[in-house]
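Read the structure below first, then the notes.
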Amino acid sequence: MEHLGDTITHKSRFKVSFHSIDPGAVLWSEVCGEGWRCGIGKRFTPGFSPSIYFEMDFGGVDVSLSPITFQVSRDTNLGPFGRRQPQIVAAPLAAQLPCGIVCNTPNETVPLTGSLIFIFEISYTSVPREKPAEASELRTPLYETLETSMITGSFGDTRLFAFSRRQQSSGRIGTPKALFVNSSILKAASYYDILLSAGFSESLETALDDCFPASEKPQIDLNDYGYGSDSDLSDYDEAQPSKSDDGVASQQESDWRGASGHGETPPVTQCKLGRTIVVKDAAYRTYKALMFYLYTGEIKFRPLTSSQKRSAGDAVAQEHASRSCSPKSMYRLADKLGLEELKLLARDAIKSGLSEANILEEAFSKFTATPGYGEIRKIELEILCKTCRSASVREDLPKMMRRVTLGELPHASEMVSSFMYSLTG
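This is the structure we're talking about:
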């Protein structure tokens, strides 16, 4: 007997107060289930009865779940001796993944007063399949590394120095910190496979207990770093004692250099040779999270800085604080290194952190305007168009447009053009 699969149905219940939904706007849920969001909107058309419509955002759902179906029911009560019998208010609608937002037919029979409870039912078929090839690809270098460590008694043969702090007064990036890793893990990214070759000048063969390389600068300008708003960098005020990345007070520093005269170097028990690379394109925190991903296939993201709902997300991230990072910082690094799966994970984390409260700040940011980040612009433009009639966005949109016209946000011109075209097209 051949097992063809199992139908899985997720049910999400939402209580909705209709006075909280502006006409023409969509009230979105948090990300739930397998990465989707549920939306409810109301519409007033002259000459017709007011109607309610339901949307699903499947943009963050794995394509392996395609086709996927959703329907919506209204929770009703037939009386003290009756049974609760949900009333279908949106007929089943199937969608092929990948896709973005799917909208059902408006319903004019639902009363748009008070509060109602709606049940979103999302169904898909789970087909037996082998583990993704990528899981095996990630395990292979880890197994090789473990085998090598058993034979040589050494695990790390490569040292990465990455900058960890940003000086508030000058904006300069400094305080390089070392990460010790095995080269077989780094070679998962072709960029480092080339960089670690014997003849490549950007990686030096040195003793791994040496100080920060004297040939390198312990501070770099913000322009050389390329990402001034990187939240994975800790801001540093010379008048205050420094903190480690985990928030534990460390020794008072008189300048931006560690005890070695340049950067902080964790102690190494034996003097041995290995390759040393100074990376200047992402923060220490981002690289540390990358190394954990390359070793284990797991990644933990912190909430977007612009999010107003940081308390719940921070509580989750705190458990993994020492190895979590900004999804925007990781998206940028994964894009450079050609790690497509990691880039998708970071993209989905960015998307899940977008809401009416921060969509303007994110959509008109320098990060979103980065050349090559078209999928980020598309996601944020779609959410901006869906939320632009909500009270919070309507209130702040004129201020943002004023900043654009005054030349304060020259990078945002493409997003403005796309937004205006979407409204009038």
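Position one of the sequence shown corresponds to residue -9 (this note's numbering), numbered consecutively onward.
All C-beta atoms in this analysis are idealised placements derived from N, C-alpha and C, irrespective of residue type, glycine included.
Note that the coordinates shown come from a computational prediction; the quantities given were computed from them, not determined experimentally.
Ile58 beta carbon less than 8 Å from that of Ala81: Not in contact: Ala81 and Ile58 (Cβ atoms no closer than 8 Å).
Where the beta strand (DSSP E) through Thr266 begins and ends: Per DSSP, Thr266 belongs to the beta strand (DSSP E) from Leu263 to Val269.
How is the beta strand (DSSP E) around Ile(-2) delimited, first residue to last? Run containing Ile(-2): Asp(-4) to Ser7, per the beta strand (DSSP E) assignment.
Are the beta-carbon atoms belonging to Ile91 and Glu20 less than 8 Å from one another? Taking 8 Å as the Cβ cut-off, Ile91 and Glu20 do not qualify as a contacting pair.
Buried or exposed by the 16-neighbour rule on C-beta atoms within 10 Å, applied to Tyr411: When all chains shown are included, Tyr411 counts as exposed.
Going by Cα to Cα distance, which pick from Asp211, Phe151 and Ser174 is closest to Ala204? Nearest Cα to Ala204 within the set Asp211, Phe151 and Ser174: Phe151.
Identify, in the order they occur along the chain, each residue of the same chain with its Cβ nearer than 8 Å to the Cβ of Pro13, setting aside the five sequence neighbours on each side. Cβ within range, chain order: Lys32, Arg33, Phe34 and Arg379.
Does DSSP put Asn97 in a helix, in a strand, or in coil? Under the three-state reduction of DSSP output, Asn97 falls in the strand class.
N-terminal and C-terminal residue of the alpha helix (DSSP H) that Cys375 is part of: Annotation for Cys375: the continuous alpha helix (DSSP H) segment containing it runs Gly364 to Thr377.
On the three-state DSSP scale, how would you describe Thr286? The answer is helix: DSSP assigns Thr286 an H, G or I state.
Any idea what DSSP makes of Ile163, helix, strand or coil? Strand.
Could you tell me the distance, in whole angstroms, from the CA atom of Ser224 to the CA atom of Arg275? Rounded to whole angstroms, Ser224 to Arg275 spans 9 Å at the Cα level.
Tell me, please, whether the CB atom of Ile78 is closer than 8 Å to any CB atom in chain B? The structure shown contains no chain B; it is built from a single protein chain.
Assuming Ser63 and Ile78 are in contact, meaning their beta carbons sit under 8 Å apart, how far apart are those beta carbons, in whole angstroms? Sure, about 5 Å apart at Cβ, within 8 Å.
Rank Ser382, Trp18 and Arg322 by C-alpha distance to the C-alpha of Ser2 and give the top, closest one. If you compare the alpha carbons of Ser382, Trp18 and Arg322 with that of Ser2, the shortest gap goes to Trp18.
Can you tell me the Cα-Cα spacing of His401 and Ala339, whole angstroms? In this model, His401 and Ala339 are separated by some 23 Å (Cα to Cα).
Whose CA, out of Glu288, Asn172 and Asn213, lies closest to the CA of Arg265? Residue Asn172 is the option with its Cα nearest to Arg265.
Which residues in the same chain as Glu98 place their Cβ atom closer than 6 Å to its Cβ, once the five residues preceding and following it in sequence are excluded? Residues of the same chain with a CB within less than 6 Å of the CB of Glu98, apart from the 5 flanking positions on each side, are Ser39 and Ser41 in chain order.
CB of Arg420 within 8 Å of CB of Glu365, strictly: Summary: the structure shown does not reach residue 420, with the chain confined to residues -9 through 415, and so no result is reported for it.
Where DSSP assigns a beta bridge to Gly29, which residues make up the other side? For Gly29, which the question treats as bridged, DSSP gives the partners Trp18 and Glu45.
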